[in-house]
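Some notes on the structure that comes next.
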Amino acid sequence: MKIVGIAERTVPIASPLRNARVDFSEITASVVAVATDQFRDGRRVVGYAFNSFGRYGCGGPLRERFIPRLLRASPHELNDPATGIVEPGHAVDLLLKREKAGAHAERSMAVGTLELALWDIVGKMRGLPLYRVLAERFAPPGTEAPHAVRCYAGGGFYRERDDLARLGDEVRGHLDAGYTEVKIKAGGLPMTDELRRIESVLALVKSGSRLALDASCAFERQEALAFARAITPYGLRWLEEPCDPGDFETYRAVSEAYPGIVAGGENLFSREEADNFLRYGRFGGRIVLQPDPPLAYGIRELHHIVEVALAHGVARENVVPHGGNMMSLHATAGLGLGSAESYPGLFGPFGGFSREVRVHDGFATLPEAPGIGFEEQPALYGIFRELSASLGT
Ligand code: MG
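Count along the sequence shown starting at 1, add 507, and that's the number in this note's numbering.
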């Protein structure tokens, strides 16, 4: 098979939401479409992906380096000789051929987004949902692809008006929709208001083990320690990103002072960064690691990050991919990881799962559509379809 065209576009996701550090009034996403010369069921096989949530689009590196490199690669360089289908790992090696080490971020997103689009192609070529392809390749020996994965609803962003009332409505909506566990933002208000927010949600979910907090890197060391001490009695599921992702000393101090589980990883973009985080955070196994596949070089790098985590004594079930989209749902199921997140009703067409996915009793069912299955997410697929039409293929 041959790649015959690639399109990318930056799409605004302007939103009134904010976490403890940033508002999302200017946030964007990069969408990509990778067209092949292959057809299935009368339709051209096109791979789609976007660069997840929370960081801005990466159109510059896509346009200037990575898309031209992928288009220049020959089928001989890209394809698995056994199947004739593109091999995403070969593609990543080619894309990184003239890249120095380190300084991942924008580069890892551009490469990861293209890698996910190539996995979408592999699934479509094989007529399998992506998680089944990934399970064949990456799941621990002897395990079978699951039928559903544990899934929590992320959200609880701060609102300009009626914050507490809207938070209650949001969480009740998640519980009514079949979720049993939620995560809300934290660290953006004075402590008494924060505790009121936490207690209002605990009254709905009934147990600290069903509520996680995300401080979005808001705190300096002393603030992080004070916050961790204040929430200790609630016995929460985890405290996410209390400080900057590179501030290993504060992570270590929080982990020593806080008896619960600390979480982090959505702002780590390579296996080396995950390795340092786990080595110097000294979590002693009380860590939930949250890598985001398209932000961090894609699924193959996620597999390496999982290997790093296991070597540090992190249980596979404590790797919980960030993103709340179809890409991280497939990654969670295919690599046999602990849980997925979901952002129902947030981030416009980019939020939530496809219409094939049902949530019941805290678990999300897995889709049957080939590849990632964005075709079953109508508003988002509208964006992708327009993008692939621009290729004129
Ligand atoms: Mg987070």
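A virtual CB, placed ideally from N, CA and C, is assigned to each residue, including glycine. All values reported here derive from a predicted model rather than from experimental measurement.
Residues near residue 810 by beta carbon distance below 6 Å, same chain, minus five either side: Here residue 810 refers to the residue found at position 303 of the sequence shown. Correct list, in chain order: 645.
Residue 590 - DSSP class collapsed to helix/strand/coil: Translated into the one-based positions of the sequence shown, residue 590 becomes position 83. Three-state result, residue 590: coil.
Segment limits, beta strand (DSSP E) that includes residue 796: Reading the sequence shown from its first residue, position 289 is the one you call residue 796. Its beta strand (DSSP E) spans residues 794-796.
Contact check, residue 537 vs residue 802, beta carbons under 8 Å: Position 30 of the sequence shown, counting from 1, holds the residue named residue 537. Position 295 of the sequence shown, counting from 1, holds the residue named residue 802. Contact: no.
Residue 905: first and last residue of the uninterrupted alpha helix (DSSP H) it sits in: There is simply no residue 905 to check, as the chain begins at 508 and stops at 900 in what is shown.
Residue 802 - containing alpha helix (DSSP H), residue span: Within the sequence shown, the letter at position 295 stands for residue 802. Membership of residue 802 in any alpha helix (DSSP H) is not indicated, and neither H nor E is assigned to it by DSSP.
Cβ-heavy atom distance, residue 748 to the ligand MG, below 7 Å: Taking the first residue of the sequence shown as 1, we reach residue 748 at position 241. Under cutoff, so the answer is yes.
Distance between residue 756 and residue 788 (C-alpha atoms, nearest Å): The residue given as residue 788 occupies position 281 in the sequence shown. The residue given as residue 756 occupies position 249 in the sequence shown. In a straight line, the C-alpha of residue 788 is about 7 Å away from that of residue 756.
Residue 721 CB to nearest heavy atom of the ligand MG below 7 Å: Taking the sequence shown and counting its residues from 1, the one referred to as residue 721 is at position 214. Answer for residue 721: yes, Cβ within range of the ligand MG.
Span of the beta strand (DSSP E) around residue 823: In the sequence shown, the residue the question calls residue 823 occupies position 316. Counting along the chain, residue 823 falls outside any beta strand (DSSP E), and DSSP gives it neither H nor E.
DSSP beta-bridge partners of residue 754: Along the sequence shown, read from residue 1 onward, the residue named residue 754 stands at position 247. Paired residues: none, contrary to the question.
Span of the alpha helix (DSSP H) around residue 519: Residue numbering aside, residue 519 sits at position 12 when the sequence shown is read from its first letter. Element bounds for residue 519: not the alpha helix (DSSP H) but the beta strand (DSSP E), 510-519.
Option nearest residue 856 by Cα separation, candidates 767, 628, 831 and 795: Here residue 856 refers to the residue found at position 349 when the sequence shown is read from its first residue. Nearest C-alpha to residue 856: 831.
Distance CB(residue 529)-CB(residue 542) smaller than 8 Å: Reading the sequence shown from its first residue, position 22 is the one you call residue 529. Reading the sequence shown from its first residue, position 35 is the one you call residue 542. Here residue 529 is not near residue 542, since their CB atoms are 8 Å or more apart.
Residue 879 versus residue 733: straight-line alpha-carbon distance, rounded: On the sequence shown, position 372 is the one that residue 879 refers to. On the sequence shown, position 226 is the one that residue 733 refers to. Cα to Cα, residue 879 sits roughly 42 Å from residue 733.
beta-carbon residue 727 near the ligand MG non-hydrogen atom, thresh 7 Å: Residue numbering aside, residue 727 sits at position 220 when the sequence shown is read from its first letter. Not under cutoff, so the answer is no.
CB-CB length for residue 864 against residue 874, believed under 8 Å: As a first step, residue 864 must be located in the sequence shown, where it is residue number 357. As a first step, residue 874 must be located in the sequence shown, where it is residue number 367. Correct: roughly 6 Å between the Cβ atoms.
At least three beta-carbon pairs within less than 8 Å, the region 843-853 to the region 656-664: yes
Exposure label - residue 744; buried when at least 16 CB within 10 Å: Taking the sequence shown and counting its residues from 1, one reaches residue 744 at position 237. Per the 10 Å Cβ criterion, buried.
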